[in-house]
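Quick note: the sequence shown, position 135, residue 135 per the UniProt record's numbering, numbers continuous. Every residue gets a Cβ at the ideal spot worked out from N, C-alpha and C, and that includes glycine. First up is the structure itself, then whatever we jot down about it.
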Amino acid sequence: MRKSDFAIGEAARQSGVKVPTIRYYEQIGLLPAASRTEGNRRLYDRRDLDRLAFIRHARELGFEVDAIRTLLSLQDDPEQPCAAADAIAKARLIEVEKRIASLNALREELLRMVKKCASGRIEDCRVIETLADTSHVHGRLAEA
């Protein structure tokens with residue numbers, strides 16, 4: 001084992017990615033197969049740790065595995081134009097903005113429920129009435 005090699009536990013600690021997740025990323029091809037010791041222990045180098053950190057950050061931002069795969073392939077060929085990476089980020093931004101709008105609508109409905117049910121009896125309770133009303137969507141996608 002070279003000084004620049006890291007066992008999977010150390011790679012997990014330094015990258016912030018759990019050991020089973022590192023194995024999974026190898027299995028699905030986001031991370032190249034690790035080199036192995038004679039005892040068959042996985043070894044990772046600094047490039048692998050950087051790649052793991054990239055994947056972890058992308059997952060934290062909500063990018064799907066296929067988008068991360070594309071972003072990694074773009075990163076691996078830095079001479080390419082940035083348009084594809086930009087399009088992936090813009091698509092994710094649109095998803096986030098839709099989710100924010102949905103959460104804001106949900107917040108407003110909850111505020112209305114709480115305000116209208118501040119006192120009174122259960123038979124007049126807006127919380128119970130709203131939750132019982134199956135026509136409300138509250139941020140879920142309406143079924144076609």
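- Taking 3 residues as the minimum length, the beta strand (DSSP E) runs contained wholly in the stretch 23-111 are 42-44, in order along the chain.
- In the same chain as A34, and ignoring 5 residues on each side of it, the C-beta atoms closer than 8 Å to its own belong to I8, E26, R42, L43, Y44 and D48, in chain order.
- A7 is bridged by DSSP to L43.
- Taking the Cα of I88 as reference, the smallest distance to any Cα among A132, I68, I100 and P78 is reached at I68.
- With 16 or more other Cβ atoms inside 10 Å of its own Cβ, L31 counts as buried.
- Counting C-beta pairs with one atom in each stretch, the stretch 71-83 and the stretch 99-114 have fewer than three that are closer than 8 Å, which means they do not touch.
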